[in-house]
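**Student:**
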Amino acid sequence: MGLIWTVSSVVEFLVYTPMLGAGGGYLAFMTGNLINMKIPCAMNARDIAGTKAGTVENEIISTLSIATSSLVTIAVLALGVLLLQPLQPVLQSQTLAPAFENVVPALFGAMAWQYYRKNLRLAIIPLAGMTVLFVFVPSLTAQTSMMILPSGALSILLAWMEYRKGTINCRRKNGGNGK
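In structure tokens form, the structure reads like this:
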């Protein structure tokens, strides 16, 4: 585990520090959540400001954007803690327990929709196949995490077949060939 994290830490430092500059890199690594929040925030701010990586202007913009992201994160978390404290008895009631058991699937479903909507056939066919399989072999519901592998393989196979037929275009918006 330590070997993986050591290599990852060195690579992240070498990749992100030139993009963010010294100040932005320091703030990003100290506050965490680089890939999900800090890097997109800094890149968006850089695009809006029209600065280029490696310039003093970019370092200032990335430092300010990461600092703002960190402050907003702290404010939202503090507000959440303060507002959830009085609601704790309600949120822990037996009536809402089933809803909280489905939070993770709901989140993954919402995140997956952005990919499913691009080609519904690649999502519906594996979903229908797995649903039929779980209905006829109920004991597999305990192995849901393992059933992701054949479902993913089926999606990849379907995407490859559509690519071969020419119904899926892998060209990028900027004119690249996507290969």
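Residue numbering for the sequence shown follows the numbering used here, beginning at 676 and increasing consecutively. Built from N, CA and C at the ideal position, the CB exists for glycine as well. This one's a predicted model, so the numbers in the text were calculated from it and none came from an experiment.
Cutting at 7 Å between CB atoms, please list the residues of its own chain near G699, excluding the five before and the five after it.
**Tutor:** Taking the sequence shown and counting its residues from 1, the one referred to as residue 699 is at position 24. Only A717, E734, S737, T738, I741 meet the Cβ criterion.
**Student:** Tell me, to the nearest whole angstrom, how far the beta carbon of I799 is from that of L833; I am working on the premise that it is less than 8 Å.
**Tutor:** The residue you call residue 799 lines up with position 124 of the sequence shown. The residue you call residue 833 lines up with position 158 of the sequence shown. So it is not a contact: roughly 10 Å between Cβ atoms.
**Student:** Grab me the residues of M712's own chain with a C-beta within less than 8 Å of its C-beta, minus the 5 sequence neighbours each way, in chain order.
**Tutor:** Mapped onto the sequence shown, residue 712 falls at position 37. Excluding residues within five positions, the ones whose Cβ falls inside 8 Å are S744, T748.
**Student:** Mapping DSSP to helix, strand and coil, what is L802?
**Tutor:** Reading the sequence shown from its first residue, position 127 is the one you call residue 802. Looking at L802 - three-state DSSP - the assignment turns out to be helix.
**Student:** Using a 10 Å radius around the Cβ and a threshold of 16 neighbouring Cβ atoms, would you call R721 buried or exposed?
**Tutor:** Numbered from 1 along the sequence shown, position 46 holds the residue referred to as residue 721. Label assigned to R721: buried.
**Student:** Taking just the CA atoms, how far does W788 sit from A774?
**Tutor:** As a working note, residue 774 is residue 99 in the sequence shown. As a working note, residue 788 is residue 113 in the sequence shown. Their Cα atoms are separated by approximately 20 Å.
**Student:** Run the proximity test for T726: is its beta-carbon closer than 7 Å to any non-hydrogen atom belonging to the ligand SAM?
**Tutor:** The ligand SAM is absent from the structure shown, which contains no ligands of any kind.
**Student:** Figure out for me which residue from I823, M786, L797 has the closest Cα to the Cα of W835.
**Tutor:** On the sequence shown, position 160 is the one that residue 835 refers to. Checked all of I823, M786, L797; the closest Cα to W835 is L797.
**Student:** Just curious, the alpha helix (DSSP H) that G784 is in, first and last residue?
**Tutor:** Here residue 784 refers to the residue found at position 109 of the sequence shown. Where G784 is concerned, the enclosing alpha helix (DSSP H) stretches over 778-791.
**Student:** Can you look up G841 in the DSSP assignment and give me helix, strand or coil?
**Tutor:** Looking up residue 841 in the sequence shown gives position 166. Three-state result, G841: coil.
**Student:** Inspect the beta-carbon positions of L702 and E687 and report whether they are closer than 8 Å.
**Tutor:** Looking up residue 702 in the sequence shown gives position 27. Looking up residue 687 in the sequence shown gives position 12. In this structure, E687 does not lie closer than 8 Å to L702 by Cβ.
**Student:** Straight-line CA distance for V685 to V731?
**Tutor:** The residue you call residue 685 lines up with position 10 of the sequence shown. The residue you call residue 731 lines up with position 56 of the sequence shown. Rounded to the nearest angstrom, the two C-alpha atoms are 24 Å apart.
**Student:** Closer than 7 Å by C-beta to G850: which residues in its own chain qualify, once you throw out the five before and the five after it? Chain order, please.
**Tutor:** Numbered from 1 along the sequence shown, position 175 holds the residue referred to as residue 850. For G850, the predicted model reports a pLDDT of 48, less than 50, meaning its position is unreliable; a value from the coordinates is still stated below. None.
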